[in-house]
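Here the structure is laid out as structure tokens; the discussion comes afterwards.
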Amino acid sequence: SQKIEQNSEALNIQEGKTATLTCNYTNYSPAYLQWYRQDPGRGPVFLLLIRENEKEKRKERLKVTFDTTLKQSLFHITASQPADSATYLCAGTAGGGNKLTFGTGTQLKVEL
Amino acid sequence: DVKVTQSSRYLVKRTGEKVFLECVQDMDHENMFWYRQDPGLGLRLIYFSYDVKMKEKGDIPEGYSVSREKKERFSLILESASTNQTSMYLCASSYPPGHTDTQYFGPGTRLTVL
């Protein structure tokens, strides 16, 4: 079955550094990948979307890449701040359909 | 701004009770979804709906049913609550196919079944 996998270990980084989170997909070819942020006890919030024919997408301090050879997306937060601490979810869809397949998320902690 | 609201943030029920969780979206979205989220298991899709009165099973529909009588409202029903249904329940909505399938989530309902 189609799977989205994210590193379940928390990522701890220092303020000001770049955080890089990984998302790998197996058993299908998503037409696009999406990244969401989830704070404790809250619903996920959409951040960015990248299509399979796009190599890279940016939005302010966020950057997402899509490598169809490696079957992987990387999510970068540059100049990270403590307010960026949250769990980040990757989700994929084959397109034209309505369901997303979500990864279990990676918790990011940005320390002073 | 898209707004998805859920009827309760916290709910405590007893085993065997019938439980209704309601979700309302204000963006005229065609599609609505119910998930549950548990530590280590991520988001698991319970049911979704493409249109009024239409529903499809997700990955874990057992023990749940849904109702969509109006486009903006999607209800999740636990016919006879059990302790293993203690979880965070999240509702989401999205545009129809051809769009990006981006989902907009409600704040979640933390359900505890005693």
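Chains as they are written, first to last, in my numbering: chain A, 364 to 475; chain B, 31 to 144.
In this text, a Cβ means the ideal position worked out from N, Cα and C, and glycines have one as well.
Short Cβ contact (9 Å threshold) for residue i with residue j
i      : j      : result
L149/B : L41/B  : With chain B running from 31 to 144 in the structure shown, residue 149/B is simply not present.
L384/A : Y399/A : no
R98/B  : S112/B : no
L120/B : T467/A : no
T401/A : A454/A : First, the residue type needs correcting, since residue 401/A is Gln and not Thr in the sequence shown. No, the Cβ-Cβ distance between Q401/A and A454/A is not below 9 Å.
P393/A : T456/A : yes
Q377/A : T469/A : no
G93/B  : S110/B : yes
T130/B : R39/B  : no
R44/B  : L144/B : yes
Residue from the options whose Cα sits closest to the Cα of residue i
i      : options                           : result
L463/A : Q470/A, P407/A and R424/A         : P407/A
L475/A : P393/A, R414/A, R424/A and S443/A : S443/A
T441/A : S364/A, G379/A and E372/A         : G379/A
K418/A : N390/A, R424/A, S371/A and Y395/A : Y395/A
V82/B  : D58/B, G138/B and T132/B          : D58/B
K100/B : M62/B, E109/B and S37/B           : M62/B
A122/B : F135/B, T139/B and S110/B         : F135/B
L425/A : F465/A, Q377/A and A382/A         : A382/A
A446/A : K420/A, P403/A and V427/A         : P403/A
L75/B  : W64/B, D68/B and P69/B            : W64/B
T389/A : E372/A, S364/A and S371/A         : S364/A
Chain-order list of residues whose beta-carbon lies under 6 Å from that of residue i (same chain, five-residue window excluded)
i      : result
D56/B  : K33
R414/A : Y395
V96/B  : Y77, K85 and L106
K422/A : L411
T450/A : Q401, G468 and Q470
N375/A : K472
Neighbourhood of residue i by C-beta, 8 Å cutoff - its chain only, sequence neighbours within 5 removed
i      : result
T132/B : S124 and Y125
Close Cβ partners of residue i (< 7 Å) along its chain, the five nearest in sequence each way excluded
i      : result
F318/A : Lying outside 364 to 475, the shown extent of chain A, residue 318/A is not represented and no answer is given.
F465/A : I367, L452 and A454
N387/A : E368, K434 and Q435
S448/A : L471, K472 and V473
Residues of the region 32 to 56 of chain B with a CB closer than 7 Å to any CB of chain A: list them in chain order, please.
From the region 32 to 56 of chain B, no residue has a Cβ closer than 7 Å to chain A.
Inspect the CB distances between the region 94 to 107 of chain B and the region 50 to 58 of chain B and report whether three or more fall short of 8 Å.
Note that the region 94 to 107 of chain B touches the region 50 to 58 of chain B; at least 3 beta-carbon pairs, one per stretch, sit closer than 8 Å.
If we count Cβ pairs, one from each stretch, closer than 8 Å, do we get three or more for the region 83 to 99 of chain B versus the region 465 to 474 of chain A?
Taking 8 Å as the limit for Cβ pairs, the verdict is that the region 465 to 474 of chain A does not touch the region 83 to 99 of chain B.
Which residues, taken in chain order from the region 104 to 121 of chain B, show a beta carbon closer than 7 Å to some beta carbon of chain A?
Contact residues of the region 104 to 121 of chain B toward chain A are L120 (C-beta to C-beta distance below 7 Å).
Which residues, taken in chain order from the region 401 to 420 of chain A, show a beta carbon closer than 8 Å to some beta carbon of chain B?
Cβ proximity to chain B below 8 Å picks out G404, R405, G406, P407, V408, F409 and L412 from the region 401 to 420 of chain A.
Select from the region 384 to 396 of chain A all residues with a C-beta closer than 8 Å to any C-beta belonging to chain B, and list them in chain order.
Cβ contacts with chain B: Y395.
When you check each C-beta in the region 69 to 85 of chain B against every C-beta of chain A, which residues fall closer than 8 Å?
Only G70, L71, G72, L73, L75, F78 and Y80 from the region 69 to 85 of chain B bring a Cβ to less than 8 Å from some Cβ of chain A.
Taking any Cβ of chain E, which residues in the region 130 to 144 of chain B have a Cβ under 8 Å from it, in chain order?
In the displayed structure, chain E is absent; the protein chains listed are A and B.
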